[in-house]
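2 protein chains.
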Amino acid sequence: MLAGLEVIQTLNDHHYATRHPVEVVVWTNEEGSRFAPAMVASGVFAGEFALEYGLSRTDLNGVTIGQELDRLGYAGMRVCGGQPVHAYFEAHIEQGPILEAEKRVIGVVQGLQGQRWFDCTVQGMESHAGTTPMPRRRDALLGATHIVQAVQEAALAQAPYGVGTVGQLIVHPNSRNVIPGRVDFSIDLRHPEDGPLKAMAEAVRAALDRLGELGLTGTLQEIWYAPPTSFHPDCIAAVRRAAEHLHLPHMDMISGAGHDAKYLAQVCPSAMIFIPCKDGISHNEIEDATPEDVAAGCDVLLRAILEKATE
Amino acid sequence: MLAGLEVIQTLNDHHYATRHPVEVVVWTNEEGSRFAPAMVASGVFAGEFALEYGLSRTDLNGVTIGQELDRLGYAGMRVCGGQPVHAYFEAHIEQGPILEAEKRVIGVVQGLQGQRWFDCTVQGMESHAGTTPMPRRRDALLGATHIVQAVQEAALAQAPYGVGTVGQLIVHPNSRNVIPGRVDFSIDLRHPEDGPLKAMAEAVRAALDRLGELGLTGTLQEIWYAPPTSFHPDCIAAVRRAAEHLHLPHMDMISGAGHDAKYLAQVCPSAMIFIPCKDGISHNEIEDATPEDVAAGCDVLLRAILEKATE
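Right under this line is the structure:
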C-alpha cells in the first residue's frame, strides 16, 4: 500500500499525466487471520464471492466484517467490483528464500501455484508396546511415516516447482507404551501447473494403497482445491522490462503464497513484483526487508504502472 | 488371586499337608493406574523401595497409599518383606497374542524383558509450506519419520524378542501450512537381554546422527531403564513339568509386560505361568480368557506350587 502511495506521490510531484487513471487499493482482510476465508474482499471484487457472503463472514466472537466496516466508517459508498480495470500490479515481499539465495532484487512473478489440501488417515490397531511381537503389529504411525516420505518424493519428482508438506499430524492414542492405532494428518500439495499437481496426488494415493502390505488401511479426502493462476503476459513483460531498464538483478518466479492478485487475474490483466525478505521469513515478527530492496520494488512498480497506464 | 485361593482350597479339600507353608498374596497397586509407580508393594517387599516411599505415593488428588490403606482397614500388622521365601509363582494372562497364535495353553515364562525409555527431539526450522522450495527445507517431521523407521528396523534386527515402539509423537507448530520445526516423541525399546537392548539403542542413536544430512539435529535422552529379569531355573522347570504332566500344549516365552514377579525374583526363586487371552488384548473392557484355559493355568499353578512346597 505504501508502495502504491509512493508511486502516486511521485507522479504528482512530477505533474505526470497518464492515459488511464491510477488507483491504489487496500484490500480488506487479505490475510484471513480474523475472518476466514483470506482475500475475501478481492474475491468479492472479482465475483468469486457474493458481497453478502463477504460482509457476513464472522470472527471468533461472531462479529461480521460488515459490522466492523460500519463501526470503523470504512464501508464506503462505491460498488465493489464490476468496473473495467486496464491492468493490476501488486508488489510484495517474496515470503520465501529464493531471491535472497539467488542474489536477485526483483522477482518477476509468473503466477500462483495451484494447491490441493487433503486430510489423510492411516488406520491400524492399538496394542501393547511390550507384548506385541514386531511381525504381529499394525502400527499406524509406521504406516504414516511412509506416506510422509511419499509426499516428499512426489514433490521432488516435480522439481523445481512442486512442494508437498505434512504440517499437522495427530497420533492416537498418543501413549508411550501403546502402539498407535490411528494417525490423522494433513497433506498440502502445490505446483504452478495442474498436470504435475495431479501426478503428485496420484503418487500419494498409490503410497496409501501400499499400506495394505503393513496390515493398515488409509483414506485420503480432498478438502480444498485452488487452481493455478497465470498472470497476463503483457503485465509480466512490463515488470521484466522495468527491472531490465533499472539494471536490477531479476528472475522469473512463481508465488508459493496466496495474494489478492489471484482473484484480480480472473477479471483483468495482472502481475506481481517480489522483493527479497530476510532469511525467507514471513508472518513472523522478525520479517524484514532492506530499504534498498523496498525502494527497488517501488521503482519497478512505478515503471510497470506507467507502461500500462500510458499505452 | 482367585487361582491362588483355588489352589489353597483344593489342598484343604484333600487335607494335603506341604512341607513349606503356602501363602496367597494380593500385591497392592500392581497396575500403578492410580498411584505411580506400578508394582510398588512388591517393590517394597523386595527392598527395591523403602516402606515410607511406598506409603507416601499420591494419587491425582494428593491422597497417599498409606491414607487409603488406613481408611480401608487394609494396612495390616505384618512387616512388609524381610522373611525368607522358598519359591514364588505368579499366574497371569499373557496380555499378548503369541499363545493364541501358536495354539498353546501354557506359557512357561523365562523372565521379563529389559526396557529402555527415551525422549527424542528432532529439530529443524519452521517455514512456509508454499514458499519454501523442497531443497531448502529443514522438515523436522520428515526427519522423525526416519527415526521411527530406524526404531522398527532396530527391533527387527533383534528378532524374535526385540520390540521397539514410538507411541507418542507431537509436531510443532502442528499447522497445516507450516513445515514442522520440531518433533518430540517417545521411544520404547525392550529385549530380554541387555546386549541386544544396547545394540537397539545404538542403532537408533546412529540414525539420529545421520539427521545432519537433512539439515536437522536430534537429541536422545534416556529417561528410564529396567534391566532384564531372568526367573529361577528350578521354578521354570517346575512350571514346565506341570504342563507336561497335564499334557497341556506349552511353550517357553518372555513377558513383555511388567509383573510383581519382577521384584520377587530379586529376593527368591520365582517364575510365572501364562495362559492365552482373546486376540492378545489386555487393559481393555473386552479382555477375555476361556474358562478351560483359566482352569488349565490353575492346574499348572497347583502342581508347580506342590513341587516346590513339598521338596
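In order, the protein sequences belong to chains A and B.
If you're matching positions, the first sequence starts at 93 in the working numbering and goes up one per residue.
If you're matching positions, the second sequence starts at 93 in the working numbering and goes up one per residue.
Where a beta carbon is used, it is the ideal one built from N, C-alpha and C, also for glycine.
task = State whether the segment 391-399 of chain A contacts the segment 312-331 of chain A, with contact taken as three or more CB pairs (one from each stretch) at a distance under 8 Å.
result = yes
ask   = In chain B, which residues lie with their C-beta within 7 Å of the C-beta of Ile405/A?
value = There is simply no residue 405/A to check, as chain A begins at 93 and stops at 403 in what is shown.
query = Residue ranges of each alpha helix (DSSP H) run of no fewer than 4 residues wholly in the segment 108-133 of chain B, ordered along the chain?
reply = none
ask   = At which residue ranges does the segment 226-301 of chain A contain complete alpha helix (DSSP H) runs of 4 or more residues, listed in the order of the chain?
value = Runs of the alpha helix (DSSP H) inside the segment 226-301 of chain A: 232-248, 286-301.
ask   = Hey, would you say Met131/A sits closer than 8 Å to Tyr355/A, going by beta carbons?
value = yes
request  = Have a look at Asn153/B and Leu164/B and give me their C-alpha separation to the nearest angstrom.
outcome  = Roughly 17 Å between the two C-alpha positions.
inquiry  = Report the CB separation of Val116/A from Leu97/A in whole angstroms; it is logged as a contact under 8 Å.
reply    = 6 Å
ask   = Going by alpha carbons, who is nearest to Val258/B out of Ile239/A, Val200/A, Asp231/A, Phe277/A?
value = Answer by Cα proximity: Asp231/A.
inquiry  = I want to verify the contact list: residues of chain B whose CB lies under 8 Å from the CB of Glu186/A, in sequence order.
reply    = Thr223
task = Can you tell me which of the three DSSP states Val136/B falls into?
result = helix
request  = Go through its chain and collect everything with a Cβ distance to Gln406/A's Cβ below 6 Å, but skip five positions before and after it.
outcome  = In this structure chain A extends from 93 to 403, so residue 406/A is not present and cannot be described.
query = Any C-beta of chain B sitting closer than 8 Å to the C-beta of Arg395/A?
reply = no
message = Is the separation between the beta-carbon of Gly203/A and that of Phe323/A shorter than 8 Å?
response = yes
key: Classification of Ser91/A by the beta-carbon crowding that lies within 10 angstroms, buried from 16 upward   = Summary: the structure shown does not reach residue 91/A, with chain A confined to residues 93 through 403, and so no result is reported for it.
message = So Thr237/A contacts chain B; which residues on that side make the cut at Cβ distance below 7 Å?
response = Thr237, Val240, Gln241
key: Cβ neighbour criterion (16 or more within 10 Å) applied to Leu234/A   = buried
task = Pair every Cβ in the segment 371-378 of chain B with every Cβ in the segment 175-195 of chain B, then say whether three or more of these pairs are closer than 8 Å.
result = yes
ask   = Rounded to a whole number of angstroms, what is the C-alpha to C-alpha distance between Gly173/A and Tyr145/A?
value = 14 Å
Runs of alpha helix (DSSP H) wholly within the segment 349-379 of chain B (minimum 4 residues, chain order) = 353-356, all fully within the segment 349-379 of chain B.
query = Which two residues bound the contiguous beta strand (DSSP E) that contains Gly203/A?
reply = 198-204
task = Using only alpha-carbon positions, find the residue among Phe141/A, Leu303/A, Leu248/A, His342/A that is nearest to Ala193/A.
result = His342/A
Beta-carbon contacts of Leu338/A that lie in its chain and below 6 Å, excluding the five residues immediately before and after = Asp391
key: CA-to-CA distance, Ala298/B to Arg149/B, given in whole angstroms   = 38 Å
message = Just to check my reading of the structure: Ala388/B and Ile198/B have Cβ atoms closer than 8 Å, yes? What is that Cβ distance to the nearest angstrom?
response = 6 Å
ask   = Which residues, in order along the segment 364-396 of chain B, keep a beta-carbon less than 8 Å from a beta-carbon of chain A?
value = Gly372, Ile373, Ser374, His375
query = Between which two residues does the alpha helix (DSSP H) containing His337/A stretch?
reply = From DSSP, the alpha helix (DSSP H) with His337/A extends over 325-337.
inquiry  = Using a Cβ-Cβ cutoff of less than 6 Å, which residues in the same chain neighbour Thr156/A once the five nearest sequence positions on both sides are dropped?
reply    = Correct list, in chain order: Ser148, Thr150.
ask   = Can you find a C-beta in chain A that's less than 8 Å from the C-beta of Gln244/B?
value = yes
ask   = Can you find a C-beta in chain B that's less than 8 Å from the C-beta of Ile198/A?
value = By this cut-off, Ile198/A is not an interface position.
Gln101/B - containing alpha helix (DSSP H), residue span = 94-105
request  = Would you check if there are 3 or more beta carbon pairs closer than 8 Å linking the segment 270-289 of chain A to the segment 272-289 of chain B?
outcome  = no
inquiry  = What does the Cβ neighbour count give for Asp344/B, buried or exposed, with the cut at 16 atoms within 10 Å?
reply    = Under this definition Asp344/B is an exposed residue.
ask   = Just curious, the alpha helix (DSSP H) that Gln175/B is in, first and last residue?
value = Careful: Gln175/B lies outside any alpha helix (DSSP H) and carries neither H nor E.
ask   = Taking just the CA atoms, how far does Gly304/A sit from Leu393/B?
value = 42 Å
inquiry  = Could you give the first and the last residue of the continuous alpha helix (DSSP H) run that contains Tyr145/A?
reply    = That run of the alpha helix (DSSP H) goes 143-147.
message = Please tell me whether Met226/B and Ala293/A are closer than 8 Å, where the distance is taken between their beta carbons.
response = Cβ atoms of Met226/B and Ala293/A: not closer than 8 Å.
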